[in-house]
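**Q** Structure in structure tokens, see below.
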DNA sequence: AGGTTAATTAACCATATAGTTAAATATAAA
DNA sequence: TTTATATTTAACTATATGGTTAATTAACCT
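Protein chains in written order, with the numbering used here: chain P, 161 to 281; chain A, 161 to 281.
In structure tokens form, the structure reads like this:
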């Protein structure tokens, strides 16, 4: 079972169908059948409803009512929490480039030496 | 089933135990029993092993061997992918609510116009 | 009222996930 | 060689997840 909001958000984002729905909603409001259209060859409408429920429970979208349609809108707030959580780790992917760079420089130097002295390892 | 790397990463991050392990590893290398210690009142060691396997398969940590210990290190690369994915949504949490609201209303108006003049898309 | 469109709910199924206990493996140390 | 420590694997269980089809609800349109 999952109670904390960050887990709920990450879990909702861990599905490509749901991420595609968010991507669509980032271009503007859309109702359920609009959102379903790209996926109806792969899955049924009830499956879509379920995915939307997951997004809704995570607070990533909101649904309203307009006649028989349910227009959905993206809500970025939970993504703010993800972004805040990510910040503490930024150094670990920016640093890796430095290390790779340093490593490549080392290898190059070593290689040059090896060539000169005809030695390996 | 989950094949794409982004889904794998989000899924690995959707558990508070695993995020706590990452937080611990962000302070430096640690072996399995170090990582387990804060959780042994809540779960068994095999449960810890499984969580670490999830993190490892997502590429978020690497494990090496040192005598009977398995020192683990964080690997930030998958988080870079998450960060890149997140960028397209930054506008939805970072801009003022008024501006975001205005933006969404614009998109909605366009959609309504399209509806008025007949078919969408 | 009857029919159409939009979306959800119910009931069900298969697989994945997160945990358990008990046994096994790997290495060090006595 | 035995024992202790660190960790994993095996076998199992319960619940969650992601899908299905069939039925249902809700609102609109003649």
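Ideal Cβ placement from N, Cα and C applies to all residues, glycine included.
Which class does residue 225 (chain P) belong to by DSSP, given the choice of helix, strand or coil?
**A** Residue 225 (chain P) falls in the coil class under three-state DSSP.
**Q** Can you tell which of P:175, P:228, P:192 and P:235 has its C-alpha closest to the C-alpha of residue 251 (chain A)?
**A** Comparing Cα-Cα distances from residue 251 (chain A) to each of P:175, P:228, P:192 and P:235, the minimum goes to P:235.
**Q** Kindly identify the DSSP beta-bridge partner or partners of residue 178 (chain A).
**A** Bridge partners of residue 178 (chain A): none, in fact.
**Q** Report yes if the CB atom of residue 205 (chain P) is closer than 8 Å to the CB atom of residue 181 (chain P), and no otherwise.
**A** Result no, Cβ atoms of residue 205 (chain P) and residue 181 (chain P) do not sit closer than 8 Å.
**Q** Less than 8 Å separating the beta-carbons of residue 284 (chain A) and residue 237 (chain P)?
**A** Outside the shown range of chain A (161 to 281) lies residue 284 (chain A), about which nothing can therefore be said.
**Q** Hey, could you find the ends of the beta strand (DSSP E) residue 233 (chain P) is sitting in?
**A** Looking at the DSSP string, the run of the beta strand (DSSP E) that includes residue 233 (chain P) is 232 to 234.
**Q** Using the three-state DSSP reduction, which class does residue 172 (chain P) fall into: helix, strand or coil?
**A** Three-state result, residue 172 (chain P): helix.
**Q** Alpha carbon to alpha carbon, how far is residue 167 (chain P) from residue 193 (chain A)?
**A** One C-alpha to the other measures close to 24 Å.
**Q** Mind checking whether residue 198 (chain A) and residue 164 (chain P) have CB atoms under 8 Å apart?
**A** The answer is no: Cβ separation not under 8 Å.
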